[in-house]
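Before any comments, here is the structure.
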């Protein structure tokens, strides 16, 4: 399989892994979207963390991944079903937030 099949082409024609793109810093004043939850239940469920770790005082949610401090702290000990529940909550939170 080619490199392009594993990543996304950038403006200069290079290939970037989706994981690299997800961890790029947020543009000033914008919160990047949390990555989508994996479709398969096989294997471990990846963390929604995108390395933009700031808690919004008003909501109590991380600006980067939209998780609560409790969800962040418990992530490492959660089973896959609990992780899927967190992902469902993230998608609901994202859908209810104003913005682009």
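Numbering (my numbering), first residue to last: 1051 to 1150. All C-beta atoms, glycine included, are put in the ideal place defined by N, C-alpha and C.
What are the boundary residues of the alpha helix (DSSP H) that includes residue i?
| i | result |
| --- | --- |
| residue 1111 | No alpha helix (DSSP H) contains residue 1111, which DSSP labels as neither H nor E. |
| residue 1116 | Residue 1116 -> no alpha helix (DSSP H), and no H or E assigned at all. |
| residue 1136 | 1130-1146 |
With 16 other CB atoms within 10 Å as the buried threshold, where does residue i fall?
| i | result |
| --- | --- |
| residue 1131 | exposed |
| residue 1133 | buried |
Helix, strand or coil for residue i per DSSP?
| i | result |
| --- | --- |
| residue 1105 | strand |
| residue 1126 | helix |
Using CA coordinates, which residue listed in the options is at the minimum distance from residue i?
| i | options | result |
| --- | --- | --- |
| residue 1094 | 1114, 1104, 1125 and 1115 | 1125 |
| residue 1108 | 1101, 1100, 1135 and 1118 | 1118 |
| residue 1115 | 1106, 1100, 1128 and 1121 | 1100 |
Excluding the five sequence neighbours on either side, which residues of its own chain have a C-beta within less than 6 Å of the C-beta of residue i, listed in chain order?
| i | result |
| --- | --- |
| residue 1136 | 1121 |
Keeping to the same chain, check which residues put their C-beta closer than 8 Å to that of residue i; ignore five residues upstream and five downstream.
| i | result |
| --- | --- |
| residue 1143 | 1111 and 1116 |
| residue 1128 | 1136 |
| residue 1104 | 1112, 1113 and 1114 |
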